[in-house]
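Mind the numbering: the sequence shown is residues 3 to 208 in this note's numbering, read in order. The C-beta atom is built at its ideal place from N, Cα and C for all residues, glycine as well.
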Amino acid sequence: MELLDPLLDSWDRNNRITVNLLRAIPVEGLAVRSTPGGHTIAQLFMHLAYNRLAFIEENVPESGVKATAEEWVDENDHGKIERFLDDTSQKVREVARKQLETGTPMAMHYDHPLLFLQHMIWHDGYHHGQIKLALVVAQLRQVVMRVAVGTKLDPHISHLPHLIQGQHLQRSRGRIINPMNFRVRPQQRLRNEKDGARKFVAQKNR
Numbered sequence: 003m004e005l006l007d008p009l010l011d012s013w014d015r016n017n018r019i020t021v022n023l024l025r026a027i028p029v030e031g032l033a034v035r036s037t038p039g040g041h042t043i044a045q046l047f048m049h050l051a052y053n054r055l056a057f058i059e060e061n062v063p064e065s066g067v068k069a070t071a072e073e074w075v076d077e078n079d080h081g082k083i084e085r086f087l088d089d090t091s092q093k094v095r096e097v098a099r100k101q102l103e104t105g106t107p108m109a110m111h112y113d114h115p116l117l118f119l120q121h122m123i124w125h126d127g128y129h130h131g132q133i134k135l136a137l138v139v140a141q142l143r144q145v146v147m148r149v150a151v152g153t154k155l156d157p158h159i160s161h162l163p164h165l166i167q168g169q170h171l172q173r174s175r176g177r178i179i180n181p182m183n184f185r186v187r188p189q190q191r192l193r194n195e196k197d198g199a200r201k202f203v204a205q206k207n208r
């Protein structure tokens, strides 16, 4: 299957992005929430890892993978969270490869093994945004703004230089993975809006 390796690589990159986001957050940041009564950032990271195991257990019971007893653990040890993410990421990779290579159907939720992998990436991305929102609410956005901008991971930011403070970021094939999306500066956004308005008026007056 020619696309199998790139598909699995996309999953590896997804986990690296998640781990890099975790590494950029200080211990006190793990306790913040996006809403009163909502889950802490630590609980969201643990939920991500737990969810991977739960869906493997339900959909590929012959794998022998079991979900841990607790899902929303308020873990404050970065090392434990990172190991949990890496271990569960590897399990997802192994299961996805086996199911795709053999063409074995999933037991419950998915019509095709590829949909399982897509759901895992989508689910991580959903909570990735939730974690960023919690950081903004807690006024800790500067914590994640200091990490590098990846150069070739996303074609939309391939022209940007590396902005690195520290060497704690993980890499994928030598490329630094960016846990923050590039944001247009307010001045540039204003110029873009003005340019768009001028083009609209010009077209309207034709």
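Give me the residue from the options with the minimum Cα distance to residue i.
{"i": "His111", "options": "Ala56, Ser65 and Ala44", "result": "Ala56"}
{"i": "Val138", "options": "Arg35, Thr20, Met48 and Asp14", "result": "Arg35"}
{"i": "Arg54", "options": "Leu116, Arg99 and Lys93", "result": "Lys93"}
{"i": "Leu117", "options": "Val97, Gln132 and His80", "result": "Val97"}
{"i": "Trp124", "options": "Gly81, Gln45 and Thr20", "result": "Thr20"}
{"i": "Pro28", "options": "Glu77, Leu6 and Gly105", "result": "Glu77"}
{"i": "Ile83", "options": "Leu135, Asn22 and Arg95", "result": "Asn22"}
{"i": "Leu50", "options": "Ala140, Asp88, Leu6 and Leu142", "result": "Asp88"}
{"i": "Leu46", "options": "Phe86, Ser65, Gly66 and Pro8", "result": "Phe86"}
{"i": "Val75", "options": "Met48, Glu59 and Val67", "result": "Met48"}
Report yes if the CB atom of residue i is closer than 9 Å to the CB atom of residue j, and no otherwise.
{"i": "Glu30", "j": "Tyr52", "result": "no"}
{"i": "Val62", "j": "Gln120", "result": "no"}
{"i": "Ala26", "j": "Ala33", "result": "no"}
For residue i, which residues does DSSP report across the bridge?
{"i": "Arg35", "result": "Thr42"}
Go ahead and label residue i buried or exposed: buried means 16 or more other beta carbons lie within 10 angstroms of its beta carbon, across all protein chains shown.
{"i": "His130", "result": "buried"}
{"i": "His41", "result": "buried"}
{"i": "Ala109", "result": "exposed"}
{"i": "Asn17", "result": "buried"}
{"i": "Ser12", "result": "exposed"}
{"i": "His161", "result": "For His161, the predicted structure reports a pLDDT of 33, less than 50, and the residue's modelled location is therefore unreliable. The matter cannot be settled from this model."}
{"i": "Thr90", "result": "buried"}
{"i": "Pro115", "result": "buried"}
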